[in-house]
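S.K.: Please read through the structure below; I'll follow up with questions.
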Amino acid sequence: MNFFEAILFGLVQALTEYFPVSSSAHIRIVGGLLGQDPGAAFTAIIQFGTELAVLLYFRHDIARILTHWFRCLAGKDGSSWRERMGSKDHDAALGWYIILGTLPIVVAGLLFQKIIETKLRNLWITVVVLIVFGLLLDYFDRHGRQNKEIRQMSARDALLFGIGQMLALIPGVSRSGGTMTFGRALGYTRESATRVSFLMAIPAVFGAGILETVKSLKNINADAAFPGWGATICATVVSFLLGYIVIIAFLKIVSRFSYRGFVIYRIGLAVFVAIMLMVGALPAVGGVAAS
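FYI, the numbering for the sequence shown is 1 to 291, going by the UniProt record's numbering.
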């Protein structure tokens, strides 16, 4: 991978990570068009950039949640287990809910890692998933009670948000799309579902990035798909710089408009990829198209 391609991957990551359109699917598609699949390790590591942008943008929220969480955990607001779990402090409780919502993707990622890195990286699967989850997002975005705020979150809701995030292990679901779909289905406002999606992604994405970095350091000479650290770092820096700008834009978009535009884009992308697969311009698996 040359540095032009690395910059392109960084741009794609930043422009698609926060939108409910699946950044991993776009990385996989762009890799196919360029004649190479950069692999799951590269995909996980460059997400460091976009998550660092999330940390920077939400730094005050994160600092407040951590401060209240540690305060309750230490028994400053009461020594009973309920008080330590944040029964009297919303921000402390939110900290526990983020942890709870992270568990599904951690467990599934560890149990099904080989399947995720091999069988699920098939673009025909991505095509189907882009359409199905796009339609689900559109349905729940337009129907049902949708007036719940983050302060009304429960342990049950946090776990369901986490299941939505877990489904993003399948390329095409979209981590933000999964959590936002479940959030709207649970009755949360669009803004609340989006903010929960951002906050819940931090431990999950950083955890995956750290794990893949350690694995890459151990097997760097044996990993044929890994494009190298120079290209990976370049893509990560680009995704961070552009990612911060995209966060600002996305939060403004969801405060004024529905998710319908993203749904239309998902379906259009699925149709485009299906056509490219059928004519042999994109490989369903791997990085070399049929000749």
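All C-beta atoms in this analysis are idealised placements derived from N, C-alpha and C, irrespective of residue type, glycine included.
The structure presented is a predicted model; accordingly, all values stated were derived computationally and were not measured.
How do the stretch 140-151 and the stretch 185-194 stand: do at least 3 beta-carbon pairs fall below 8 Å, yes or no?
M.R.: Judged by Cβ distances under 8 Å, the stretch 140-151 makes contact with the stretch 185-194, as three or more pairs qualify.
S.K.: Buried or exposed: which applies to G243, given that a residue is buried once 16 or more other Cβ atoms fall within 10 Å of its Cβ?
M.R.: Here the question's residue 243 lines up with position 243 in the sequence shown. Looking at its Cβ environment, which holds 16 or more other Cβ atoms inside 10 Å, G243 is buried.
S.K.: Would you decide whether M180 is buried or exposed? Buried here means 16 or more other CB atoms lie within 10 Å of its CB.
M.R.: Along the sequence shown, one-based indexing puts residue 180 at 180. Buried, since its Cβ has 16 or more Cβ neighbours within 10 Å.
S.K.: Compare the Cα-Cα distances from K88 to each of F133, C72, I98 and report the closest residue.
M.R.: Sequence index remark: in the sequence shown, residue 88 carries index 88 (1-based). For the residues F133, C72, I98, the minimum Cα distance to K88 belongs to C72.
S.K.: Using 8 Å as the Cβ pair cut-off and three pairs as the minimum, do the stretch 265-281 and the stretch 126-137 touch?
M.R.: These segments touch.
S.K.: Report buried or exposed for T232, applying the criterion of at least 16 other Cβ atoms within 10 angstroms of its Cβ.
M.R.: Here the question's residue 232 lines up with position 232 in the sequence shown. Counting Cβ neighbours within 10 Å, T232 comes out buried, since at least 16 surround it.
S.K.: Are the C-beta of R195 and some C-beta of chain D separated by less than 7 Å?
M.R.: Here there is only one protein chain, and chain D is not present.
S.K.: Could you check what DSSP says for K252 in three-state terms: helix, strand or coil?
M.R.: Counting from 1 along the sequence shown, the entry for residue 252 is found at position 252. Helix at K252.
S.K.: Measure the beta-carbon distance from A201 to R175 and round it to whole angstroms, keeping in mind my assumption that it falls under 8 Å.
M.R.: Translated into positions along the sequence shown, residue 201 becomes position 201. Translated into positions along the sequence shown, residue 175 becomes position 175. Going by Cβ atoms, the distance from A201 to R175 rounds to 6 Å, so yes, they are a contact pair.
S.K.: Quick one: Cα of residue 301 to Cα of V107, how far?
M.R.: Shown here, the chain extends from 1 to 291; a query on residue 301 therefore has no answer.
S.K.: Would the stretch 240-257 and the stretch 12-19 be scored as touching if the rule is three or more Cβ pairs under 8 Å?
M.R.: Contact holds: three or more Cβ-Cβ distances are below 8 Å.
S.K.: Starting from the N-terminal side, write out each stretch of the alpha helix (DSSP H) that is 4 residues or longer and does not extend beyond the stretch 97-179.
M.R.: Entirely contained in the stretch 97-179, the alpha helix (DSSP H) runs reaching 4 residues are, in chain order, 113-117, 123-142, 155-166.
S.K.: Is A92 closer than 7 Å to H60 when the C-beta atoms are compared?
M.R.: Numbered from its first residue, the sequence shown carries residue 60 at position 60. Numbered from its first residue, the sequence shown carries residue 92 at position 92. Contact: no.
S.K.: Would you grab the beta carbon distance between I65 and P104 for me? Rounded to a whole angstrom, and I think it's under 8 Å.
M.R.: Here residue 65 corresponds to residue number 65 of the sequence shown, with the count starting at 1. Here residue 104 corresponds to residue number 104 of the sequence shown, with the count starting at 1. No, I65 and P104 are not in contact; Cβ-Cβ is about 20 Å, not under 8 Å.
S.K.: Report all residues from its chain with a CB closer than 6 Å to the CB of Y188; omit the five preceding and five following residues, and keep chain order.
M.R.: For the purposes of this step, residue 188 is taken as the residue at position 188 of the sequence shown. Contacts found: K148.
S.K.: V196 and F161 - do their beta-carbons sit closer together than 7 Å?
M.R.: Here residue 161 refers to the residue found at position 161 of the sequence shown. Here residue 196 refers to the residue found at position 196 of the sequence shown. Yes, these two residues count as a Cβ contact at 7 Å.
S.K.: Taking the alpha-carbon positions, what's the G95 to M276 distance?
M.R.: To locate residue 95, count along the sequence shown from 1; it is residue 95. To locate residue 276, count along the sequence shown from 1; it is residue 276. Taking the straight line joining both Cα atoms gives about 44 Å.
S.K.: What residue does the alpha helix (DSSP H) around Y188 start on, and which one ends it?
M.R.: For the purposes of this step, residue 188 is identified with residue 188 of the sequence shown, where counting begins at 1. Neither: Y188 is in no alpha helix (DSSP H) and is coded neither H nor E.
S.K.: So, helix, strand or coil for S22, using DSSP?
M.R.: Counting from one through the sequence shown, the residue named residue 22 turns up at place 22. DSSP places S22 in coil when its eight states are reduced to three.
S.K.: At the level of alpha carbons, what is the spacing between G75 and Q113?
M.R.: By 1-based counting over the sequence shown, the position of residue 75 is 75. By 1-based counting over the sequence shown, the position of residue 113 is 113. Distance between the alpha carbons of G75 and Q113 is about 38 Å.
S.K.: Answer yes or no: do A208 and A53 have a C-beta to C-beta separation smaller than 7 Å?
M.R.: Within the sequence shown, numbered from 1, the residue matching residue 208 stands at position 208. Within the sequence shown, numbered from 1, the residue matching residue 53 stands at position 53. Against a cut-off of 7 Å, the Cβ pair of A53 and A208 comes out as no contact.
S.K.: Which of the three DSSP states is assigned to D37 in this structure?
M.R.: Taking the sequence shown and counting its residues from 1, the one referred to as residue 37 is at position 37. Coil at D37, not helix or strand.
S.K.: Could you tell me how far apart the beta carbons of A235 and F4 are, in whole angstroms, since I believe they sit closer than 8 Å?
M.R.: Looking up residue 235 in the sequence shown gives position 235. Looking up residue 4 in the sequence shown gives position 4. In fact, because the Cβ distance is near 11 Å, the residues do not count as touching under 8 Å.
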